[in-house]
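Asks:
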Amino acid sequence: KNEVEQSPQNLTAQEGEFITINCSYSVGISALHWLQQHPGGGIVSLFMLSSGKKKHGRLIATINIQEKHSSLHITASHPRDSAVYICAVLMNRDDKIIFGKGTRLHILP
Amino acid sequence: DAGVIQSPRHEVTEMGQEVTLRCKPISGHDYLFWYRQTMMRGLELLIYFNNNVPIDDSGMPEDRFSAKMPNASFSTLKIQPSEPRDSAVYFCASGLSGGAVDTQYFGPGTRLTVL
Chain A
1 KNEVEQSPQN
11 LTAQEGEFIT
21 INCSYSVGIS
31 ALHWLQQHPG
41 GGIVSLFMLS
51 SGKKKHGRLI
61 ATINIQEKHS
71 SLHITASHPR
81 DSAVYICAVL
91 MNRDDKIIFG
101 KGTRLHILP
Chain B
1001 DAGVIQSPRH
1011 EVTEMGQEVT
1021 LRCKPISGHD
1031 YLFWYRQTMM
1041 RGLELLIYFN
1051 NNVPIDDSGM
1061 PEDRFSAKMP
1071 NASFSTLKIQ
1081 PSEPRDSAVY
1091 FCASGLSGGA
1101 VDTQYFGPGT
1111 RLTVL
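Protein chains in written order, with this note's numbering: chain A, 1 to 109; chain B, 1001 to 1115.
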């Protein structure tokens, strides 16, 4: 079993829909990171979380340390949100970084 | 600032050849990361530096891979000899103190193809 699991693996939605991408992990972490990889391959850092919730524009990230779970939400989704979203955790036992396999999001106009 | 700069953007080489990938981090950043991305394994951290010192190289796949950071503005990832299974996109990222997954700024990547 992977230490970081993302769901769903693939998601197709209509423009305007509310999107939720999930990340669950099985190890103790000190922080969690959400990354966005565009179809052209470029990677952008979205959020770094260690507790609670962060918001940036239409993006919201939450983390529940007790449940070992984080969610990335996109409100009023737009075709330009189409990308792969990757969750990464920093393990608190040895500072190693582990990545999820990513969620491929496709927003239809 | 121009952001993280990687070169070359694309590299095609033959098995057995030496490959050197280069990265210039954002000025003032004290962390530098090398990642590899493949379809099979996704994104993997290979090695990261703090203040030019390698902190964790446990992700480096084998002795054929080596990374250096001779100064704060330059790092290399070298593969010698290269093999077809090394074909991947290699990303460099830089960041500021505060934690190894603090906001990182990624370069555009180098797409390596080993024939």
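For glycine and all other residues, C-beta sits at the position ideal for the given N, C-alpha and C.
Just to confirm before moving on: does the CB-CB distance between Ile43/A and Ser82/A stay below 9 Å?
Replies: Indexing the first sequence from 1 puts residue 43/A at position 43. Indexing the first sequence from 1 puts residue 82/A at position 82. For Ile43/A and Ser82/A, no; Cβs fall outside 9 Å.
Asks: Exposed or buried, what is Phe18/A when buried is set at 16 or more other beta-carbons lying within 10 Å of its beta-carbon?
Replies: The residue given as residue 18/A occupies position 18 in the first sequence. Exposed: under 16 other Cβ atoms inside 10 Å.
Asks: Give me the chain B residues within the contact set of Ser71/A, using Cβ-Cβ distance strictly less than 9 Å, ordered along the chain.
Replies: Position 71 of the first sequence holds residue 71/A. Per Cβ cutoff of 9 Å: no residues; Ser71/A is ~17 Å from chain B at best.
Asks: In chain order, what residues of the same chain have a beta carbon less than 6 Å from the beta carbon of Ser1075/B, not counting five sequence neighbours either side?
Replies: In the second sequence, the residue the question calls residue 1075/B occupies position 75. Closer than 6 Å at the Cβ level, and outside the excluded window around Ser1075/B, lie Cys1023, Leu1032 and Met1069.
Asks: Rounded to the nearest angstrom, how far is the Cβ of Asn92/A from that of Gly28/A, given a contact under 8 Å?
Replies: What you label residue 92/A is simply residue 92 of the first sequence in a count that begins at 1. What you label residue 28/A is simply residue 28 of the first sequence in a count that begins at 1. Between Gly28/A and Asn92/A the Cβ distance is about 5 Å, and since that is below 8 Å, they are a contact.
Asks: Can you tell me which of the three DSSP states Asp94/A falls into?
Replies: Numbered from its first residue, the first sequence carries residue 94/A at position 94. Coil at Asp94/A, not helix or strand.
Asks: Just the Cα atoms here: how many angstroms apart are Arg1009/B and Met1060/B?
Replies: For the purposes of this step, residue 1009/B is taken as residue 9 along the second sequence, with counting starting at 1. For the purposes of this step, residue 1060/B is taken as residue 60 along the second sequence, with counting starting at 1. Distance between the alpha carbons of Arg1009/B and Met1060/B is about 21 Å.
Asks: Based on the DSSP output, what are the partners of Ala83/A in its beta bridges?
Replies: Along the first sequence, read from residue 1 onward, the residue named residue 83/A stands at position 83. Answer is Leu105/A.
Asks: Residues of chain A with CB closer than 8 Å to the CB of Tyr1105/B, please, in chain order.
Replies: Position 105 of the second sequence, counted from the first residue, corresponds to residue 1105/B. Result: Ser45.
Asks: Which residues in chain B have a C-beta closer than 8 Å to the C-beta of Lys101/A? List them in chain order.
Replies: Counting from one through the first sequence, the residue named residue 101/A turns up at place 101. Per Cβ cutoff of 8 Å: Gly1042.
Asks: Thinking just about the alpha-carbon of each residue, which of Leu105/A, Lys101/A and Ser7/A is nearest to the one in Met1040/B?
Replies: Against the second sequence, residue 1040/B aligns to sequence position 40. Checked all of Leu105/A, Lys101/A and Ser7/A; the closest Cα to Met1040/B is Lys101/A.
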